[in-house]
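J.: In our numbering, the protein residues as written are 51 to 481.
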RNA sequence: GGAGAGGUGGCCGAGUGGUCGAAGGCGCUCCCCUGCUAAGGGAGUAUGGGCCAAAAUCCCAUCGAGGGUUCGAAUCCCUUCCUCUCCGCCA
């Protein structure tokens, strides 16, 4: 949500920001609407003032035993006018609101211009993709060899874009999640949260998923939404609150399933468990002051990178271009892990600074002790990281010619000491 | 699912039609006194918006939300959301 006061003061800057998002200039249109709203609002308020005066006169007259017929008649008139003006104001401000809430966040100066993901700019890499002496398999083939990865059963149960993991494969998924949570809570100070997976429409609105992207979400019959990411739950923890700045930053992490309809993704990544309707993810959310959010963003990125480094998974970090960055984000870095089976870098974490964009939608504010003035907080979110995709990466990067897979050392304590997944050995689990 | 109770400022808690944006208490901030591991006195302490070049000791709105009755509503009526209690059901 954009700040109308800021647009009033900086209409040309607003149009430039829209242009970077590929949107037509609309500041003058918006300001026209804004003027209309304020015109009827001011007029209505002046009448309300008069009405309040008359009410006081009537009250005094009653007490004094005097007649107040004239005042009562005037109020009757004014009431009608107020109702009319308020109806106009409501309609106009509704229209203005509809326009404002559909405009994406202003992007940061460092966001590269671009039409789509091919224009994202790589900033750095870590690790080196392995040189395989054999043709590396993808995770689907490895799943067949190892066992414990069953797309047929999942299709029978639920349809496409689901998977059933079992045995050591299921345990590996859980090990990954536990490992990530332990890193973020013990080493980086994130507070672990276990919260609802079903949320109200207002909550989805707060993070910017509604109303524009309703099609990406699963809605329940009682008009709730399955969360597409724990960002929704964690970020909204501060909705409609005024936080003392001394308590910032707030850092939350959660392991949750994520549900995505993948509308519009038909035909994309149909093979394997790369793009599912349901997957596990460890999410990181920070709430900070405007001053601190850029540094918090870097910190959050290093938290996510640490996970991949400990898992010895090669990755690169890219800055999303104006054509690829999400609706609510001001600046997004994606971490892309190397998948030997695809010979591609694939997103495994997305780290966004949303600045005050979500905070406005949620009415999440903060205040310093001295100034007493409120302002909107900055919210940041990032995957720390996607568990399903991490599982894929481990299988593909850790594979051997016979199809067995080395388990990263940091996960072995979570796997009962198991060092390798052996062909046919993934199910049933041992240890 | 059935029956009942309730939602007031950071917190507690008054207030059942008329200077109520809201008594009182707690907490917090500042000042004074005292003087030391206590206490006392005073002042201040909601949010959003409008107007304005800007601001205000100017104006409007807000007592869960929305609508209604009334000259006037925190107070009455309706709807809705939420919380709590009991019963039922249940991981």
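We put the CB at the ideal spot given by N, CA and C, even for glycine. Keep in mind it's a predicted model, so treat the numbers as computed, not measured.
With DSSP run on the structure shown, which of helix, strand or coil describes residue 304?
T.: DSSP, read as helix, strand or coil, puts residue 304 in strand.
J.: Just to confirm the assignment, what range does the beta strand (DSSP E) spanning residue 368 have?
T.: Residues 365 to 369.
J.: Would you kindly work out how many angstroms separate the C-alpha atoms of residue 452 and residue 473, rounded to a whole number?
T.: 7 angstroms
J.: Which one of 351, 415, 356 and 61 has the shortest CA to CA distance from residue 368?
T.: 351
J.: Residues in the same chain with beta-carbon distance under 6 angstroms from residue 65, minus the five sequence neighbours each way, listed in chain order, please.
T.: 75 and 77
J.: Residues in the same chain with beta-carbon distance under 7 angstroms from residue 411, minus the five sequence neighbours each way, listed in chain order, please.
T.: The residues are 51, 255, 256 and 258.
J.: What does the Cβ neighbour count give for residue 480, buried or exposed, with the cut at 16 atoms within 10 Å?
T.: With a pLDDT of only 45 at residue 480, under 50, the local geometry of the prediction cannot be trusted, and no value is derived from it.
J.: Figure out for me which residue from 374, 90, 314 and 219 has the closest Cα to the Cα of residue 327.
T.: 314
J.: Since residue 332 is in the beta strand (DSSP E), which residue starts that stretch and which ends it?
T.: 328 to 338
J.: Which residues in the same chain have their Cβ closer than 6 angstroms to the Cβ of residue 426, if we skip the five residues on either side of it in sequence?
T.: 406, 409, 410 and 415
J.: Skipping 5 residues on each side, what residues in its chain have a beta carbon closer than 7 angstroms to that of residue 231?
T.: Closer than 7 angstroms at the Cβ level, and outside the excluded window around residue 231, lie 242, 303, 305 and 332.
J.: Ordered along the chain, which non-local residues of its own chain (more than five positions away) have a Cβ less than 6 angstroms from that of residue 320?
T.: none
J.: Residue 59 and residue 156 - do their beta-carbons sit closer together than 9 angstroms?
T.: no
J.: Taking DSSP as the reference, what is the three-state secondary structure of residue 350?
T.: Residue state for residue 350 is assigned as helix, using DSSP reduced to three classes.
J.: By Cβ distance below 7 angstroms, which residues in the same chain neighbour residue 449 in space, the five residues on each side in sequence not counted?
T.: 186, 187, 192 and 455
J.: Mind reading off the beta-carbon distance from residue 164 to residue 373? Whole number of angstroms is fine, and I expect it under 8 angstroms.
T.: Right, the Cβ-Cβ distance comes to about 4 angstroms (below 8 angstroms), so this counts as a contact.
J.: What is the C-beta distance between residue 357 and residue 437, in whole angstroms, given that I count them as a contact (C-beta under 8 angstroms)?
T.: Between residue 437 and residue 357 the Cβ distance is about 10 angstroms, and since that is not below 8 angstroms, they are no contact.
J.: Less than 8 angstroms between the CB atoms is what I'm expecting for residue 139 and residue 91, so what's the real figure, rounded?
T.: 5 angstroms
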